[in-house]
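S.K.: Take the sequence shown: its letters are residues 212 to 360, numbered as in this note's numbering. Take a look at the following structure, please.
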Amino acid sequence: MIDRRLVLWRDLQEPVLGVGDLPGKIHALAVASLPSGQRGLLVAAAEAAVLWSGKGDDLEAWDAVLLPCHLDRITALACGPAEAAIVTASRDGTAALWSEAGSLIQVLELDGQSFTSLAWRHDRQALAAGGEEGAWVMWPLNSPEDKRP
Numbered sequence: 212m213i214d215r216r217l218v219l220w221r222d223l224q225e226p227v228l229g230v231g232d233l234p235g236k237i238h239a240l241a242v243a244s245l246p247s248g249q250r251g252l253l254v255a256a257a258e259a260a261v262l263w264s265g266k267g268d269d270l271e272a273w274d275a276v277l278l279p280c281h282l283d284r285i286t287a288l289a290c291g292p293a294e295a296a297i298v299t300a301s302r303d304g305t306a307a308l309w310s311e312a313g314s315l316i317q318v319l320e321l322d323g324q325s326f327t328s329l330a331w332r333h334d335r336q337a338l339a340a341g342g343e344e345g346a347w348v349m350w351p352l353n354s355p356e357d358k359r360p
């Protein structure tokens with residue numbers, strides 16, 4: 212049974228944190244070292260993503276930020292450099308670049324295709340995104356309005 216909960220475990224003995232009432236089934240997870248030096252856990256459920264971030268091991272003290280933007284299920288997540296700490300991609304054909312604080316920086320589109328994958332280039336200066344029909348795009352980080360190299 213899917214109960215729309217996320218439970219984090221430190222070991223197999225005791226849960227550290229349980230979060231309930233997510234908007235749907237979890238479709239993607241990402242763990243990150245954020246540009247601020249904090250650790251982050253990014254969770255996508257249905258068309259929303261939540262970023263938990265903080266320092267230290269007390270996960271209950273971490274802050275949670277909702278990242279609402281998409282009109283359909285989120286299919287991919289990526290954590291990147293300071294200018295766009297978080298990227299969410301969706302079946303609605305959009306990818307959203309977010310600041311670590313949860314502010315929407317920019318929305319990118321892939322010619323009407325649903326996104327299926329995201330990855331930062333090795334130098335973290337560009338974001339690669341793939342669609343369900345085989346198309347892919349590389350967006351330079353310094354000028355994201357230029358959709359193709």
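C-beta atoms are modelled at their ideal positions from N, C-alpha and C, and glycine is treated no differently.
1) Whose C-beta lies closer than 6 Å to the C-beta of residue 263 among residues of the same chain, with five residues either side of it excluded?
2) Does the Cβ of residue 301 have 16 or more other Cβ atoms within 10 Å, making it buried, or fewer, making it exposed?
3) So, at 6 Å on beta carbons, what are the nonlocal neighbours of residue 281 in its own chain, with the 5 sequence-adjacent residues on each side left out?
4) When you compare only the Cα positions, how much space is there between residue 344 and residue 289?
5) Note down the Cα distance separating residue 242 from residue 250, rounded to an integer number of angstroms.
6) Considering only C-alpha positions, which residue in the set 299, 265 and 337 is nearest to residue 172?
7) Can you tell me where the beta strand (DSSP E) holding residue 274 begins and where it ends?
8) Find the nearest neighbour of residue 347 within the set 336, 332 and 326, judged by alpha-carbon distance.
9) For the beta strand (DSSP E) that residue 351 lies in, which residues bound it at each end?
M.R.: Well, looking at it:
1) 252, 273 and 275
2) buried
3) 258, 301 and 303
4) 20 Å
5) 8 Å
6) No answer is possible for residue 172: the residues shown for the chain start at 212 and end at 360.
7) 274-279
8) 326
9) 347-351
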